[in-house]
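Protein chains: 2
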Amino acid sequence: MADAHPFSGEPATTREAIMQATFHALREHGYAGLTIQRIGDHFEKSKSLLYHHYDSKDELLLDFLEFMLAEFEQAAPDDDLPPREHLDAVLDHALAAKLPDDQREFTEAMVELRAQAAHDDRYRDHFTRSDETFREEVASIVRDGVNAGVFRDVDPDDVASFLLTLVNGAMNQRVTAEETQTGDVREEVEAYVQSRLLADE
Amino acid sequence: MADAHPFSGEPATTREAIMQATFHALREHGYAGLTIQRIGDHFEKSKSLLYHHYDSKDELLLDFLEFMLAEFEQAAPDDDLPPREHLDAVLDHALAAKLPDDQREFTEAMVELRAQAAHDDRYRDHFTRSDETFREEVASIVRDGVNAGVFRDVDPDDVASFLLTLVNGAMNQRVTAEETQTGDVREEVEAYVQSRLLADE
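In structure tokens:
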């Protein structure tokens, strides 16, 4: 989740321009190499604006994560799909076999940011909320499927927690180990959906 | 995986003493706060020994990860259990509902170390191998179960990759977000084992 990058167009506001500069600097330098100065290198307006708005690199990054989460929440993907296809679309997106290079760099940065949560409560609060957003999205799809009789009478929250954990694991693994097995994981998730979720015809 | 801590007894060799000091310093300071100096604070012998053996904190940490992996490989847990019970034991251990405080601190440090792999190939090589070790252990249990007719005719490698991803996700999540849902994940894994793996009676 939160691996989309809504930064292809021209930024409409100063905040968007700051977020876009942060995105590019994060891709280029990763968390450890990032400084407000380096974010400024990707920012067309005066760098003093950055220092005016943010006291530290972490404050800026936390605002950036907030911005990305709001983008994710607004996107509300494929809401008109039926439950089975909707779940497939979410899983296809989250467990895609191969990441394009630009998304890989971004995922690397997100994994580094998430690791900050191990010792920084502000990051921890953020990722608790962003996990919750993904979990609720999946639980709502599963609930629809149960109500429609497409899925068995499973606990939507358990299924969503399970799939969230799997997606977080895949996102982490794919940038911290050689990517050899992600395709197999997607296949086994499909087997899980079929054997555990799908109601008998 | 690699969240056991074989450092309760007296170290038998200098290397073990260095590893034990690294373990305690890592728990206390995390990756970012760690220095060879601080590892030395937990080391009874001369600190110059540390500088003699290791050129940098990362070299020492990579050796530490190697040491932990070897410990994990030697442990070979519960090899005499039948496949179903063996798999349960591995999953119970990896997805325990609540981490004791000392194991939590250590898991936090492991998650931070793993995040280094996003931009450091040496860490990436290590975690690729440690993932492989866990994956092979699980695949071998599943293969035994398929051969014994306890499990269905599943692909042991797909199942192992799937469970590895889940375990990595759980390990990451439990120290980077509020721990609210791990119990549910264990329950849903049990449902996966029952619906997907267990052969019909």
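If you read the sequences in order, they're chains L and G. For the first sequence, the UniProt record's numbering assigns the number 1 to the initial residue and increments by one for each residue that follows. For the second sequence, the UniProt record's numbering assigns the number 1 to the initial residue and increments by one for each residue that follows. Here a beta-carbon is modelled for each residue, glycine too, at the ideal position from N, C-alpha and C. Since the structure is predicted, the reported quantities are computational estimates derived from the model, not experimental observations.
- If you look at glutamate 66(G), you'll find it in the alpha helix (DSSP H) that goes 57-75.
- Under the DSSP definition of a beta bridge, leucine 198(G) partners with Phe151(G).
- For histidine 29(L), the uninterrupted alpha helix (DSSP H) segment begins and ends at 14-29.
- Using a C-beta cut-off of 8 Å, the stretch 63-72 of chain L makes no contact with the stretch 143-152 of chain L, since fewer than three inter-stretch Cβ pairs fall below that distance.
- Looking from the CA of leucine 163(G), the closest CA among Thr176(L), Glu179(L), Asp184(L) belongs to Asp184(L).
- Not flagged as an interface residue toward chain L: alanine 25(G), since no C-beta distance is shorter than 8 Å.
- Minimum Cα-Cα distance from glutamate 108(L) among the listed residues Leu69(L), Gly30(L), Ala25(L), Ala199(L) corresponds to Gly30(L).
- If you ignore the 5 residues before and after arginine 122(L), its C-beta comes within less than 8 Å of the C-beta of Asp58, Leu62, all in its own chain and listed in chain order.
- Here aspartate 131(L) is buried: its Cβ has 16 or more other Cβ atoms, across all protein chains shown, within 10 Å.
- The alpha-carbon separation between isoleucine 18(G) and glutamate 105(G) amounts to approximately 19 Å.
- Under the DSSP assignment, phenylalanine 162(G) falls in the alpha helix (DSSP H) whose first and last residues are 156-176.
- Spanning the alpha carbons of aspartate 155(G) and valine 111(G) requires a straight line of approximately 29 Å.
- For leucine 166(G), the nearest CB of chain L lies under 8 Å from its own CB, placing it at the interface with that chain.
- The C-beta distance from arginine 135(G) to phenylalanine 127(G) rounds to 12 Å, too long to meet the 8 Å contact threshold.
- A distance below 8 Å separates the beta carbons of valine 142(G) and phenylalanine 151(G).
- Boundaries cannot be given for leucine 34(L), as no alpha helix (DSSP H) includes it and DSSP labels it neither H nor E.
- Listed by position along chain G, the residues whose Cβ is nearer than 7 Å to that of serine 140(L) form an empty set, because the closest Cβ is around 16 Å away.
- The contact set of arginine 196(L) on chain G, defined by CB atoms closer than 9 Å, consists of Glu188, Ala191, Tyr192, Gln194, Ser195, Arg196 in chain order.
- With contacts defined as CB atoms closer than 8 Å, threonine 22(L) and leucine 69(L) fail to qualify as a contacting pair.
- Scanning Leu197(L), Asp157(L), Asp102(L), Leu50(L) for the CA closest to the CA of phenylalanine 7(L) turns up Asp102(L).
- Proximity to threonine 14(G) across Arg27(G), Ala25(G), His53(G) peaks at His53(G), based on C-alpha coordinates.
- Rounded to the nearest whole angstrom, the CA to CA distance from aspartate 125(G) to glutamine 116(G) is 11 Å.
- Listed along the chain, the chain L residues whose CB falls inside 8 Å of the CB of glycine 30(G) are Ala118, His119.
- Listed along chain L, the residues sitting closer than 7 Å to glutamate 108(G) by beta-carbon distance are Ala118, His119.
- Between the stretch 84-101 of chain G and the stretch 169-179 of chain G there are three or more inter-stretch CB-CB distances shorter than 8 Å, so the stretches are counted as touching.
- Rounded to the nearest whole angstrom, the C-alpha separation of glutamate 10(G) and aspartate 200(L) is 58 Å.
- By the neighbour-count criterion, in which a residue is buried when 16 or more other Cβ atoms sit within 10 angstroms of its Cβ, proline 83(G) is buried.
- Across the structure, arginine 129(G) and threonine 176(L) are spaced so that their CA atoms are roughly 11 Å apart.
- Taking the Cβ atoms as the reference, phenylalanine 43(G) lies roughly 7 Å from leucine 50(G), within the contact range of under 8 Å.
- In the three-state DSSP reduction, leucine 87(G) falls in the helix class (H, G or I).
- The residue among Val90(L), Arg196(L), Ser140(L) with its C-alpha nearest the C-alpha of valine 189(G) is Arg196(L).
- Within the UniProt domain "HTH tetR-type" (12-72) of chain L, those residues whose Cβ lies closer than 9 Å to any Cβ of chain G are, in chain order, Gly30, Tyr31, Ala32, Gly33.
- Residues of chain G whose Cβ lies closer than 8 Å to the Cβ of phenylalanine 162(L) are, in chain order, Leu166, Asp184, Val185, Glu188, Val189, Tyr192.
- Of the candidates Arg27(L), Val193(L), Phe72(L), Arg27(L) places its Cα closest to the Cα of proline 100(L).
- Membership of alanine 117(L) in any alpha helix (DSSP H) is not indicated, and neither H nor E is assigned to it by DSSP.
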